[in-house]
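Asks: Residue 10 is where the sequence shown starts when you use the working numbering, and the numbers rise one by one after that. Please see the structure below; I have some questions.
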Amino acid sequence: YIFDDCFSSLDYQTDLKLRRALRDYLRGSTIIIVSQRVATIKDADRIFVLDEGQLIAQGTHEELMEKCEIYREIALSQLKLEEVRI
């Protein structure tokens, strides 16, 4: 399943409820979520970071917070410090 930036117009709580429901409903399926909102993808098994169309990093949220400056800057600009989970 591919969800291409379809969560962007949802408020955070609705986004979270929908992602949890999809995870349970689609258990065992591959789910690809394209998003510019870190909160939407921070719990993903694998996050791919693109910059100007090029793959610059991949990993979990925690790994990217440590090793990818661009991802860290985006996350810190979008999330409250307690949500970042550094």
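Ideal placement from N, C-alpha and C gives every residue a C-beta, glycine not left out.
1) By how many angstroms is the C-alpha of V47 removed from the C-alpha of I83?
2) Provide the residue span of the beta strand (DSSP E) that contains Q67, from first to last.
3) According to DSSP, simplified to helix, strand and coil, what is L59?
4) Taking the alpha-carbon positions, what's the Q67 to F57 distance?
5) Below 8 angstroms CB to CB, which residues in the same chain sit around K76 once its five sequence neighbours on both sides are set aside?
6) By the 10 Å Cβ neighbour count, where 16 or more other Cβ atoms means buried, how is K51 classified, buried or exposed?
7) Return the CA-CA distance between L64 and S18, expressed in angstroms with no decimal places.
8) In or out: T23 buried (at least 16 other Cβ within 10 Å) or exposed?
Replies: Per the coordinate set shown:
1) As a first step, residue 83 is located in the sequence shown; it is residue number 74 there, counting from the start. As a first step, residue 47 is located in the sequence shown; it is residue number 38 there, counting from the start. Cα to Cα, I83 sits roughly 8 angstroms from V47.
2) Position 58 of the sequence shown, counted from the first residue, corresponds to residue 67. Taken as a continuous stretch (DSSP letters only), the beta strand (DSSP E) holding Q67 covers 63–68.
3) Taking the sequence shown and counting its residues from 1, one reaches residue 59 at position 50. Of the three classes helix, strand and coil, the one that applies to L59 here is strand, per DSSP.
4) Counted from its first residue, the sequence shown places residue 67 at position 58. Counted from its first residue, the sequence shown places residue 57 at position 48. Rounded to whole angstroms, Q67 to F57 spans 4 angstroms at the Cα level.
5) Counting from one through the sequence shown, the residue named residue 76 turns up at place 67. Correct list, in chain order: A66, G68.
6) Residue numbering aside, residue 51 sits at position 42 when the sequence shown is read from its first letter. Looking at its Cβ environment, which holds 16 or more other Cβ atoms inside 10 Å, K51 is buried.
7) Locating residue 64 in the sequence shown gives position 55, where the first residue counts as 1. Locating residue 18 in the sequence shown gives position 9, where the first residue counts as 1. Straight-line Cα distance between these residues: approximately 25 angstroms.
8) Within the sequence shown, residue 23 is the residue found at index 14, counting from 1. Exposed, since its Cβ has fewer than 16 Cβ neighbours within 10 Å.
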